[in-house]
Amino acid sequence: METAREYFFDHYDEFFSEVFWPHDKFTKIGAQAIPKETKKILDVGIGTGKFSYEVSKLYPHILITGIDNDPRMLNKAREKLNGAKLILGDFYSESLPKSDWTITSMFTHHFREYERKSNLLKIVNSAERGLINFDMQLRDGETQNDAIKLILNHTRQNFPEEKLEQIMYALKERGMNMSLEKTREFLLEQIEYEMNQNDNIIPLSQTREIFSPPLFNLEMLAQAPPYFVYKATHLNKNP
Ligand SMILES: C[S@@+](CC[C@H](N)C(=O)[O-])C[C@H]1O[C@@H](n2cnc3c(N)ncnc32)[C@H](O)[C@@H]1O
């Protein structure tokens with residue numbers, strides 16, 4: 007299914023915002039939570055640079071460093087972020103540069119459970135002043151399977167029809183001929199596959215343990231669609 011994966015990669019920003027609807031909104035709110043006197047930020051697992059881009063629009067003076075192990079993602083980030091330092095490197099083996107504020111979005115669910123605490127602490131320790139971590143989270147008593155089902159359901163019901171048509175035609179051009187309904191199911195299978203491969207969604211109880219005490223919690227859960235246990239934690243070590 008390389009053709010479909012390529013398609014989704016080419017349309018990463020667009021696709022991500024459509025499927026995980028709050029992403030755009032939360033990166034904007036997240037950027038606003040960073041104090042304006044901040045001089046440097048580090049974006050861990052920067053991807054295509056969406057979160058840092060929101061920060062740079064708001065505060066053009068801030069020095070941005072981003073790290074990611076996927077060169078294609080970094081190339082997309084480079085298009086958005088003039089003057090940022092983008093490090094092609096593996097989070098697990100690189101030591102992280104110090105920042106005033108570290109931001110990370112949709113990255114920490116990649117950690118396997120047994121290594122989660124030390125990795126989260128590595129991120130926390132890179133930041134001198136504050137940290138914003140956006141990620142999915144399991145509510146108390148919820149399993150990853152429950153969360154994935156909710157996400158797929160939400161996507162099945164809310165994926166914009168015209169976007170689905172576009173995807174259908176684009177896949178057709180790449181030799182995959184499917185009806186609209188088949189395209190929808192195919193899309194959902196892709197998401198399910200990706201989530202089962204890569205995601206270890208963090209239970210809320212563990213986040214409480216690592217990010218305790220969160221001095222400031224962005225009140226976003228209420229704004230997220232019900233499937234998405236999206237959580238932003240903002241620590242202020244040395245206010
Ligand atoms: C779901 S994407 C999120 C990207 C971006 N932060 C956002 O919110 O759109 C996760 C990113 O983490 C990167 N990543 C995964 N494992 C990594 C690792 N071991 N070291 C560095 N980056 C990694 C991936 O390449 C990808 O760009």
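Heads up: the sequence shown runs through residues 7 to 245, numbered per my numbering. From the three backbone atoms N, C-alpha and C, an ideal C-beta is built for every residue, glycine too.
Nearest-angstrom beta carbon gap, residue j and residue i [assumed within contact, 8 Å]
i    : j    : result
T33  : F57  : 4 Å
K123 : I216 : 6 Å
T108 : A133 : 4 Å
I52  : D30  : So it is not a contact: roughly 16 Å between Cβ atoms.
T44  : I68  : 6 Å
Nearest to residue i (by Cα), restricted to the options the options
i    : options                : result
E191 : I173, G181, M79        : I173
L127 : T149, K91, V50, Q38    : V50
R84  : Y59, E134, Y65, H29    : Y59
G72  : S62, K63, R78, I47     : I47
E167 : T189, E179, E148, R180 : T189
K86  : F21, M182, N75, P66    : P66
L194 : L177, L158, A176       : L158
P77  : E171, E43, I93         : I93
E119 : N204, Y18, E20         : N204
K82  : G55, F117, M184        : G55
S101 : L80, N125, H116        : N125
H116 : E187, Q150, P41, K169  : Q150
D152 : I40, I129, V61, N202   : N202
P41  : E20, T161, N131, G136  : G136
E171 : M184, T161, V130, H160 : M184
P103 : E179, E148, R214, N131 : N131
F165 : G89, E187, E179, L80   : E187
Where residue i falls, given that 16 or more other Cβ within 10 Å makes a residue buried
i    : result
D106 : buried
K91  : exposed
E12  : exposed
L64  : exposed
L177 : buried
V61  : buried
Beta carbon proximity, residue i to chain D, threshold 8 Å
i    : result
E195 : No chain D appears in the structure shown, which is made up of a single protein chain.
Checklist entry - On the three-pair Cβ rule with 8 Å, is the segment 29 to 44 touching the segment 88 to 100? => result no
Next on the checklist: Does the segment 206 to 213 come into contact with the segment 132 to 144, if we say contact requires no fewer than three beta-carbon pairs (one atom in each stretch) closer than 8 Å?
Outcome noted: yes
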